[in-house]
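J.: In this note's numbering, the protein residues as written are 1270 to 1456.
Where a beta carbon is used, it is the ideal one built from N, C-alpha and C, also for glycine.
These numbers come from a predicted model, not from an experiment.
I have a structure I would like to understand better, so I am pasting it below and will then ask my questions one at a time.
Quick look at the structure:
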């Protein structure tokens, strides 16, 4: 499990460091979390690889392989199905490896969804030049509905004008305004 945890925690740490940067854009944060989730999902099939790497480092075997199989007393209402007894490799995989990955994926999915919701609300602030006036108005309306107590009535018109300001900068040969600068200009 140490080999597995080293790989997983290394990737989680890398994403965590990136997410803590002041200059990270929401879209990039969503992409990083999605890539981490995809990475974790792909790890489900790699149990054998991790076991091989672990066996290269040590010669120890699973402790329950040399123990006798305990039979559970069956009751008349248990049905005809036989009891499944997992040992060694399969027990580690089913009882530890897969539940850990499933829990990591579940929690990461929950966090990813929160980032996606915020990104959906704020993404119009970073890609003005690619959106039509109607799309900007629609995004601003959605934003205004969510933050109805904080947004002034003229917000939508200001954002449409800001789109033309960004387009004017691009026409003048200036590079696209980074999200951080865009936020500062709006505020």
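1. If contacts are defined as beta-carbon pairs under 8 Å, then residue 1409 and residue 1306 qualify, I think. What distance do you get, rounded to the angstrom?
2. Note the first and the last residue of the continuous alpha helix (DSSP H) segment covering residue 1396.
3. Any idea what DSSP makes of residue 1368, helix, strand or coil?
4. Quick check: the Cα distance between residue 1314 and residue 1294, rounded to an integer number of angstroms?
5. At what residues does the alpha helix (DSSP H) containing residue 1304 begin and finish?
6. Counting C-beta neighbours from all protein chains within 10 Å, is the total for residue 1309 16 or more, i.e. buried, or is it exposed?
7. Under 7 Å, do residue 1420 and residue 1411 count as touching if we go by C-beta distance?
T.: Reading from the atomic positions:
1. So it is not a contact: roughly 30 Å between Cβ atoms.
2. Segment: none, residue 1396 is in no alpha helix (DSSP H) and carries neither H nor E.
3. helix
4. 32 Å
5. 1295-1311
6. buried
7. Cβ atoms of residue 1420 and residue 1411: not closer than 7 Å.
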